[in-house]
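With our numbering applied, the sequence shown covers 5 to 520.
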Amino acid sequence: MKVEFLVGIIIGLILLTLPTFASDSLNSSDSINASDSLYPSVSSNVSNSANVSNSANASNSANASNSANASNSANASNSANASNSANASNSANASNSANASNSANASNSANASNSANASNFVNLSDSEAASNVTFSILGNANGDETIDMKDVEYAESIILGSKNQTQFADATCDNSINILDVTKIELINLGKAKDLTLVDGVGRQVNVTLPVKRIIPTDYRTTESLLALGTGDMIVGVDKAFHERMAEFGLLDLPEVGMHSQSVNYEMILTLKPDIVILPLWQAEDADSIAKNLPNTSVIVMGLASQKTINSDLITAGFVLGKEKEANELISWMQGYENLVNERIRGLKSDSMPTFYYEYMSGGEEKWQAITPNDPSAGQVAEGTGGSNIATGLAGTSIEVDPEWIIEKNPDFMFADLMKGFDSGPGKTEEDMKVLLTKVLSNRPGFDKVNAVKNHRVYLIDRDIIGGPRWVIGHIYFAKCMHPELFKDINPEEINKEYLKKFHNIEVPGTWTYPE
Ligand SMILES: [Ca+2]
Ligand SMILES: [Ca+2]
Numbered sequence: 005m006k007v008e009f010l011v012g013i014i015i016g017l018i019l020l021t022l023p024t025f026a027s028d029s030l031n032s033s034d035s036i037n038a039s040d041s042l043y044p045s046v047s048s049n050v051s052n053s054a055n056v057s058n059s060a061n062a063s064n065s066a067n068a069s070n071s072a073n074a075s076n077s078a079n080a081s082n083s084a085n086a087s088n089s090a091n092a093s094n095s096a097n098a099s100n101s102a103n104a105s106n107s108a109n110a111s112n113s114a115n116a117s118n119s120a121n122a123s124n125f126v127n128l129s130d131s132e133a134a135s136n137v138t139f140s141i142l143g144n145a146n147g148d149e150t151i152d153m154k155d156v157e158y159a160e161s162i163i164l165g166s167k168n169q170t171q172f173a174d175a176t177c178d179n180s181i182n183i184l185d186v187t188k189i190e191l192i193n194l195g196k197a198k199d200l201t202l203v204d205g206v207g208r209q210v211n212v213t214l215p216v217k218r219i220i221p222t223d224y225r226t227t228e229s230l231l232a233l234g235t236g237d238m239i240v241g242v243d244k245a246f247h248e249r250m251a252e253f254g255l256l257d258l259p260e261v262g263m264h265s266q267s268v269n270y271e272m273i274l275t276l277k278p279d280i281v282i283l284p285l286w287q288a289e290d291a292d293s294i295a296k297n298l299p300n301t302s303v304i305v306m307g308l309a310s311q312k313t314i315n316s317d318l319i320t321a322g323f324v325l326g327k328e329k330e331a332n333e334l335i336s337w338m339q340g341y342e343n344l345v346n347e348r349i350r351g352l353k354s355d356s357m358p359t360f361y362y363e364y365m366s367g368g369e370e371k372w373q374a375i376t377p378n379d380p381s382a383g384q385v386a387e388g389t390g391g392s393n394i395a396t397g398l399a400g401t402s403i404e405v406d407p408e409w410i411i412e413k414n415p416d417f418m419f420a421d422l423m424k425g426f427d428s429g430p431g432k433t434e435e436d437m438k439v440l441l442t443k444v445l446s447n448r449p450g451f452d453k454v455n456a457v458k459n460h461r462v463y464l465i466d467r468d469i470i471g472g473p474r475w476v477i478g479h480i481y482f483a484k485c486m487h488p489e490l491f492k493d494i495n496p497e498e499i500n501k502e503y504l505k506k507f508h509n510i511e512v513p514g515t516w517t518y519p520e
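In structure tokens, the structure reads:
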């Protein structure tokens, strides 16, 4: 425990001294993104609920000691979530090291060492790095979104001393930039490299033998993203949750190698001889031990399920899998709708925006869990949609709150997350959703006084359109519900159909949002 604490302090110091990379490392908060995990820790939520309610109250207070209590209770909640899907001690250490709400989820050693390494390199200027998408394959010397002849030239300039070394310039991964890197970059560019090294979603350097032919994603939303790139014939195994929740995408005859990235069946994976195994961010803590059990397989952590990381990891995955064009198409599709929302809500004044309560797992037994903007997946999907989340400022990604607190906050809108996933989406009708809405709102004494309920502004949103490439559909739905006058011509259900047809060539009857 002591050692872990010290590691936490050291990581904290590194993060604190590297503000740029500290914020990058927030991407890895997906690693314990409870709202993406199937089975939130029920017992810990219960035991922490009193504290968490305090934190909600504290957020209204200027009293310093109350604020401190609030962040402590939030830490407890984060640790609990972490132990569910990842490693609790690291999460707790991170909470100690810096800002609780931001860094609590962020820490892992791979990330920290990446930050440390990266500090030796220059940051590319905006003109040199095309966008905020990070194409993290060694050989991408100029830091843009691909590897091509410009990287060859850039590496030569580094050798000649006219450019500084950059983060991904060392194509041969030997801590030196020389003519071998230039050669390697040329080979990668020509499609003749026998291998390449990528920096995965949590900063691990992973060598991949080319060409990649057989892949196993251990998480169902990652699988959806990969399928959208046209990799259906490369996937040789899936997780059980994929069969249970995403039967509409096919692959029904493939073996199951785990359950939602847990209980990995190593024997099965070894039998399937994958070139790469792709883990979701929240499985990052286990990546190295999983890799040890899978010799001759590249184990890569990627954020293909989360809004915050999907673009960068799609472009990296697209390159490794020979699906660059497909990755670019998918990213353009998402960005098109993201821009549309931005453009239409641009004129709204922040102080006149409606408030909303976004509830986690509304369809399940547990209620009163507020999704906060810290959640890099669902919480972020709801940001930038012309509303103000009442859970803004609360620590943690999702946090149990007191019903009284919600009533007092009196949100104008309520969005109910249907994590269970079986009551909405494929095969469901509007009538089914109407019944579900009644169920979601039952057993909530005093809730009829809340503006959202009083004015019939409670909306159901299926998780299919929150994670993976479809996050942008959920994003639009939030914006349209709160500002229907700005999105009269936009129909999220139609966009879902468009996505399924365009990127998966399937038609799936069902209802993902209610009411429209
Ligand atoms: Ca490049
Ligand atoms: Ca080198």
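Glycine residues also receive a C-beta, built at the ideal position from the N, C-alpha and C atoms.
Original post:
Which same chain residues, not among the five before or five after E387, have their C-beta less than 7 Å away from its C-beta?
Top reply: P377
Original post:
Taking all protein chains shown into account, do 16 or more other C-beta atoms lie within 10 angstroms of the C-beta of H460, making it buried, or fewer, making it exposed?
Top reply: exposed
Subject >> Coarse secondary structure for I510, derived from DSSP in three states >> reply: coil
**OP:** Please go through the same chain and pick out, in chain order, the residues whose beta-carbon is closer than 6 Å to the beta-carbon of S105, but skip the five residues on each side of it.
**Re:** Note that S105 has pLDDT 32, beneath the 50 cutoff, so the model's placement of it is unreliable and no number is given.
Subject >> Simplified DSSP assignment, three categories, for E497 >> reply: helix
Original post:
So I220 packs on V206, CB below 8 Å; how close in whole Å?
Top reply: Not confirmed; about 18 Å, so no contact.
Original post:
What's the C-alpha gap between I192 and Q384?
Top reply: 35 Å
**OP:** In the DSSP assignment, find the alpha helix (DSSP H) that holds P221 and state where it starts and stops.
**Re:** That residue, P221, is in no alpha helix (DSSP H); its beta strand (DSSP E) goes 219-221.
Original post:
So, D322 versus A331, is the Cβ gap smaller than 8 Å?
Top reply: First, the residue type needs correcting, since residue 322 is Gly and not Asp in the sequence shown. Yes, they are a contact pair.
Original post:
Where in the region 380-433 do unbroken runs of the beta strand (DSSP E), each at least 3 residues long, occur, reported from the N-terminal end onward?
Top reply: 402-404, 417-422
Original post:
So is S166 buried or exposed if we call it buried at 16+ other beta carbons inside 10 Å?
Top reply: exposed
**OP:** Identify whether D155 lies in helix, strand or coil by the three-state DSSP scheme.
**Re:** helix
Subject >> G429, buried or exposed, once every other Cβ within 10 Å from all chains shown has been counted against 16 >> reply: buried
Subject >> Residue(s) in a DSSP beta bridge with Q209 >> reply: V203
Original post:
So what's M306 in DSSP terms, helix, strand or just coil?
Top reply: strand
Subject >> For Y361 and I410, the rounded distance between their alpha carbons >> reply: 8 Å
Subject >> 8 Å Cβ cutoff met for L325 and T213 >> reply: no
Subject >> Spatially closest choice to R225 from L202, P215, E252, by CA coordinates >> reply: E252
Subject >> F172 classed as buried or exposed, judged by whether at least 16 other C-beta atoms fall within 10 angstroms >> reply: buried
**OP:** At 3 residues or longer, and completely inside the region 436-503: list those beta strand (DSSP E) runs for me, N to C.
**Re:** 462-466
Original post:
What does the shell around ligand 1 hold, if a residue joins when its beta-carbon is under 5 Å from any heavy atom?
Top reply: N144, N146, D148, D155
**OP:** Could you tell me the distance, in whole angstroms, from the CA atom of N269 to the CA atom of C485?
**Re:** 43 Å
Subject >> Own chain residues within Cβ distance below 8 Å of K217, not counting five before or after >> reply: M238, D279
Original post:
Three-state secondary structure (DSSP) at I189?
Top reply: helix
Original post:
Quick one: does the C-beta of A197 sit closer than 7 Å to a heavy atom of ligand 4?
Top reply: Among the ligands in the structure shown, ligand 4 does not appear; only ligand 1 and ligand 2 can be found there.
Original post:
At a cut-off of 7 Å, is I181 close to ligand 2 when judged by its beta-carbon and the heavy atoms of the ligand?
Top reply: yes
Original post:
Quick one: Cα of L142 to Cα of K296, how far?
Top reply: 23 Å
Subject >> Rounded C-alpha distance that separates E228 from R467 >> reply: 13 Å
Original post:
Taking just the CA atoms, how far does L256 sit from D223?
Top reply: 15 Å
Original post:
Within the chosen definition, does the region 334-353 reach the region 473-482 through at least 3 CB pairs nearer than 8 Å?
Top reply: yes
**OP:** Rounded to whole angstroms, what's the CA-CA distance from L318 to S310? Just pull it up for me.
**Re:** 11 Å
Original post:
Y361 lies in the beta strand (DSSP E); which residues open and close that run?
Top reply: 359-363
Original post:
V137 bridges to which residues according to DSSP?
Top reply: Paired residues: none, contrary to the question.
Subject >> Backbone secondary structure at E149 - three-state DSSP >> reply: coil
**OP:** May I ask you to report which of helix, strand or coil DSSP gives T320?
**Re:** helix
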